[in-house]
Amino acid sequence: IAEFDTGKPLELTTIFVDKNKLDKDIEIPILSPRISIGEFYIDKTEIDNLSSLKIPLENKVLEMEYVAIDMLKGMEVIKRKWNLPVPQDSKSVIAYYSHQILKQLSIGGAFANFHPIVKRYVIKKLFTKEVNLEDPRVLYKLSSIEVQEKLISLFVNALRDKTFIKREPIRKSTIKLSKTSAFVWSKLVYPANKCIFNYVPCDSNYEVAFAKFLDNAGDVEAFTNIVVKNGFYIEYISEENHLRFYYPDFVVKLKNGDYWIIETK
18 IAEFDTGKPL
28 ELTTIFVDKN
38 KLDKDIEIPI
48 LSPRISIGEF
58 YIDKTEIDNL
68 SSLKIPLENK
78 VLEMEYVAID
88 MLKGMEVIKR
98 KWNLPVPQDS
108 KSVIAYYSHQ
118 ILKQLSIGGA
128 FANFHPIVKR
138 YVIKKLFTKE
148 VNLEDPRVLY
158 KLSSIEVQEK
168 LISLFVNALR
178 DKTFIKREPI
188 RKSTIKLSKT
198 SAFVWSKLVY
208 PANKCIFNYV
218 PCDSNYEVAF
228 AKFLDNAGDV
238 EAFTNIVVKN
248 GFYIEYISEE
258 NHLRFYYPDF
268 VVKLKNGDYW
278 IIETK
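Counting the sequence shown from 1 gives a position; our numbering is that position plus 17.
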């Protein structure tokens with residue numbers, strides 16, 4: 018059961034535009050999407066341009082050794098070796114690789130078209146020569162972790178940029194801070210002279226200190242901490258290849274006319 022202190026009231030602050038500080042207004046541009054998720058398409062010529070991993074074929078089988086030791090006598094009593102079966106269906110192995118590549122690229126619904134492309138690469142370019150998928154040596158190599166990692170990495174790195182469409186953003190409109198409706202803030206605040214609001218909304222003591230710094234800086238004309246309510250964000254692609262939205266901490270207008278967006282850490 019959750020516990021909380023009912024004796025300490027929650028401190029809420031209403032943030033609103035101070036009509037006496039309209040000269041500290043800032044216009045934030047609204048831009049068209051810079052990055053968007055595109056329809057995934059790839060043709061065989063692009064795969065043909067991928068470099069060969071030049072995996073050598075070897076006359077090997079997966080082998081396991083079993084050793085039984087008599088702990089009282091400290092001696093080996095049984096020692097046997099036997100071959101482990103490799104996957105008998107190369108299609109299932111290649112299908113697994115195809116699923117993993119699409120998963121890492123965050124692409125859905127493309128398996129039917131993508132699987133034959135991976136299969137084509139395995140046959141024609143994965144090894145030092147074109148291969149027959151029924152060759153036991155091919156099945157052995159396809160079952161190795163090393164080949165799996167190399168093949169998946171090759172495709173993911175080559176196709177990562179095809180997942181998204183990148184465009185030069187176009188300025189569509191602006192967000193004027195003076196048009197912001199009043200809102201309630203439950204965290205820290207700072208009463209800054211150079212902020213159009215009655216208080217600067219802050220998430221931490223560090224942001225409070227930074228707001229104080231900006232308020233006293235001689236080259237700063239106006240500033241505010243950006244909250245989600247302002248609707249300003251920047252698209253980016255995460256390390257996991259997902260489309261994400263970055264909300265900067267502060268927007269600053271300098272006396273020379275420059276604008277800065279700042280992240281505090």
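Backbone N, C-alpha and C fix where the C-beta goes; we use that ideal spot for every residue, glycine too.
This one's a predicted model, so the numbers in the text were calculated from it and none came from an experiment.
Can you tell me where the beta strand (DSSP E) holding residue i begins and where it ends?
{"i": "S190", "result": "188–193"}
{"i": "F181", "result": "181–183"}
{"i": "I279", "result": "276–279"}
Cβ atoms of residue j and residue i: under 7 Å apart, would you say?
{"i": "V164", "j": "I278", "result": "no"}
{"i": "Y113", "j": "L168", "result": "no"}
{"i": "F214", "j": "I59", "result": "no"}
{"i": "F249", "j": "I52", "result": "no"}
{"i": "L150", "j": "S107", "result": "yes"}
{"i": "S198", "j": "I47", "result": "no"}
{"i": "Y216", "j": "V206", "result": "yes"}
{"i": "L67", "j": "A175", "result": "yes"}
{"i": "K211", "j": "D236", "result": "no"}
{"i": "Y253", "j": "Y263", "result": "yes"}
{"i": "S221", "j": "D42", "result": "no"}
{"i": "K141", "j": "I111", "result": "no"}
{"i": "V244", "j": "P218", "result": "yes"}
{"i": "Q121", "j": "V155", "result": "no"}
{"i": "E44", "j": "K270", "result": "no"}
{"i": "I124", "j": "I64", "result": "no"}
{"i": "A209", "j": "D232", "result": "yes"}
{"i": "F131", "j": "L74", "result": "no"}
Helix, strand or coil for residue i, going by three-state DSSP, please let me know.
{"i": "L288", "result": "Within the shown structure, residues of the chain are numbered from 18 to 282, placing residue 288 beyond reach of any answer."}
{"i": "L271", "result": "strand"}
{"i": "D261", "result": "A quick correction: the sequence has Arg, not Asp, at residue 261. If DSSP states are grouped into helix, strand and coil, R261 belongs with the strands."}
{"i": "F249", "result": "coil"}
{"i": "A199", "result": "coil"}
{"i": "N66", "result": "coil"}
{"i": "L205", "result": "strand"}
{"i": "I18", "result": "A caution first: I18 carries a pLDDT of 47, below 50, which makes its placement in the model unreliable, though a value can still be read off. Residue state, collapsed to three classes: coil."}
By a C-beta neighbour count over all protein chains shown, 10 Å radius and 16 as the cutoff for buried, is residue i buried or exposed?
{"i": "F230", "result": "exposed"}
{"i": "D40", "result": "exposed"}
{"i": "A226", "result": "exposed"}
{"i": "I187", "result": "exposed"}
{"i": "A239", "result": "buried"}
{"i": "A129", "result": "exposed"}
{"i": "P50", "result": "exposed"}
{"i": "N242", "result": "buried"}
{"i": "I162", "result": "exposed"}
{"i": "E224", "result": "buried"}
{"i": "L29", "result": "exposed"}
{"i": "D152", "result": "exposed"}
{"i": "D266", "result": "buried"}
{"i": "K204", "result": "exposed"}
{"i": "K158", "result": "buried"}
Which one or two residues does DSSP pair with residue i in a beta bridge?
{"i": "P50", "result": "P50 is not bridged to any residue."}
{"i": "Y216", "result": "Answer by DSSP bridge pairing: none, since Y216 is not bridged."}
{"i": "A239", "result": "K270"}
{"i": "E44", "result": "K193"}
{"i": "I254", "result": "L260"}
Would you mind reading off the limits of the alpha helix (DSSP H) that contains residue i?
{"i": "E166", "result": "162–176"}
{"i": "F33", "result": "Where F33 is concerned, there is no enclosing alpha helix (DSSP H), given that its DSSP letter is neither H nor E."}
{"i": "V225", "result": "222–233"}
{"i": "I72", "result": "Premise fails: I72 is in no alpha helix (DSSP H) and is neither H nor E."}
{"i": "I140", "result": "128–141"}
{"i": "K120", "result": "107–121"}
Got a sec: does the ligand SAM put a non-hydrogen atom nearer than 6 Å to the Cβ of residue i?
{"i": "N273", "result": "The ligand SAM is absent from the structure shown, which contains no ligand whatsoever."}
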